[in-house]
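Heads up: the structure comes next, in structure tokens.
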Ligand SMILES: *Cc1c(COP(=O)(O)O)cnc(C)c1O
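Residue numbers (our numbering): 1 to 376.
Listed below in structure tokens is the structure:
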């Protein structure tokens, strides 16, 4: 059996090598490293895929979040509601811009922000919600849109982990994660579901006014060369990364299918083990693109299992070991553990298994067998 990887980008590369080399050659031959034609082409093909009006590529997913907040012009001190259980970037950019993150606990079934606890966190200073579609599963956007309407809030979706996931509204309409709120953002970090060969990110919006502002902010606040109308940043997707992404986008649905297949396999092989809680399968398959397959170990032996997996050459991930309210950089004395019972509990219990497009049946069988043996 091949060595098991947490993420296997080498195997995936072999499949698209020929196409990529042609793309790379033309970029090297023309030295069009910045703003080459592939950037526009990728933006357009991603907009078409996501059925959204505008895609604006940028340098990484963290920049995308920051640019989104900058485009909304919030006054310092404005409260932005987000989840306590996510990668720190979401909260980091809120702090960077002098805004105030208000953290909310998560729904134990989905790991996503708890809608019921969210509404009571809204104050007069709240202007936006930043839901994160964690581990590849879309948040309950219908409910979030209603809350946004009731309280006059904006929604910025952090879709770094769920590109290609879809939300179904009660009238049956389906929309892609990241295209429902005012702005959606994503990351093309190599290990993400649509990963570049370096850093990359993008913003999505259907708002024709916001798109100009977003483009200007990502480009030093310029609407016209050397005319700086607003304060911006330098955040570009380079042409080589755009070429990789343009090529990989053609296979995204295939990649997602493979992840769904792996998730179902894990599910079938691991069900029924006491003290092991599997991630819940969503009612609608489209709602989840399985960026991670995340288990919970409920008998206090998560770290022991992790150790056991390492001993058996099985990599794993702990996303995320420390809730954001306990991170040194963001500590706020008003937020204590009892505000976040689920996040606190889950950070001690979660463990993510290898999940990527190249996992083989032999590997999932071996991983499941090893876990069963541990619990026996
Ligand atoms: C990866 C990630 C980001 C940041 O993306 P980068 O491209 O690494 O800057 C932001 N939010 C979430 C939820 C992520 O998973």
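Idealized CB from N, CA, C, for every residue including glycine. Model, not experiment: these values are computed from the prediction.
No Cβ-Cβ contact shorter than 8 angstroms links residue 277 with residue 318. When DSSP states are grouped into helix, strand and coil, residue 13 belongs to the helix group.
DSSP places residue 319 outside both helix and strand once states are collapsed to three, so it counts as coil. Scanning the stretch 172-225 from its first residue to its last, the whole beta strand (DSSP E) runs of 3-plus residues come out as 174-176, 183-187, 201-205, 222-224. Here the distance from the Cβ of residue 347 to the nearest heavy atom of ligand 1 is not below 7 angstroms. DSSP links residue 296 through a beta bridge to 277, 350.
Not a single heavy atom of ligand 1 lies less than 7 angstroms from the C-beta of residue 332. When DSSP reads this structure, residue 130 sits in a beta bridge with 82. The C-beta distance from residue 370 to residue 312 rounds to 5 angstroms, short enough to meet the 8 angstroms contact threshold. Between the alpha carbons of residue 140 and residue 168 lies a distance of about 9 angstroms.
Under DSSP, the beta-bridge partners assigned to residue 55 are 204. Annotation for residue 157: no alpha helix (DSSP H) segment contains it, though the beta strand (DSSP E) segment containing it runs 154-158. Residues 79 of the same chain have their beta carbon placed closer than 7 angstroms to that of residue 123, with the five preceding and five following residues left out of the count. Pairing residue 81 with residue 121 gives a Cβ-Cβ distance under 8 angstroms.
Looking at the DSSP output, residue 103 shares a beta bridge with 82.
Between the stretch 189-199 and the stretch 236-253 there are three or more inter-stretch CB-CB distances shorter than 8 angstroms, so the stretches are counted as touching. Here DSSP, grouped into helix, strand and coil, assigns residue 227 to strand. Between ligand 1 and the CB of residue 160, the shortest heavy atom gap is smaller than 7 angstroms. At a cut-off of 7 angstroms, the beta-carbon of residue 219 does not count as near ligand 1: no heavy atom of the ligand is closer than that. With a threshold of 16 other beta carbon atoms within 10 Å, residue 259 meets it and is buried. Distance from the CA of residue 16 to the CA of residue 8, rounded to the nearest whole angstrom, comes to 14 angstroms.
Assignment of residue 74 by DSSP, reduced to helix, strand and coil, places it in the coil class. Within the same chain, Cβ atoms closer than 6 angstroms to the Cβ of residue 180 are found at 141, the five residues on either side in sequence being excluded.
At a Cβ-Cβ threshold of 8 angstroms, residue 375 and residue 274 count as neighbours. Membership of residue 166 in the beta strand (DSSP E) is indicated by the continuous run 166-168. According to the DSSP assignment, residue 38 belongs to the alpha helix (DSSP H) that extends over 37-50. Rounded to whole angstroms, residue 54 and residue 156 show a C-alpha spacing of 15 angstroms. Inter-segment contact for the stretch 109-119 and the stretch 129-139 is present: three or more beta-carbon pairs are separated by less than 8 angstroms.
Beta bridge pairing from DSSP links residue 137 with 288.
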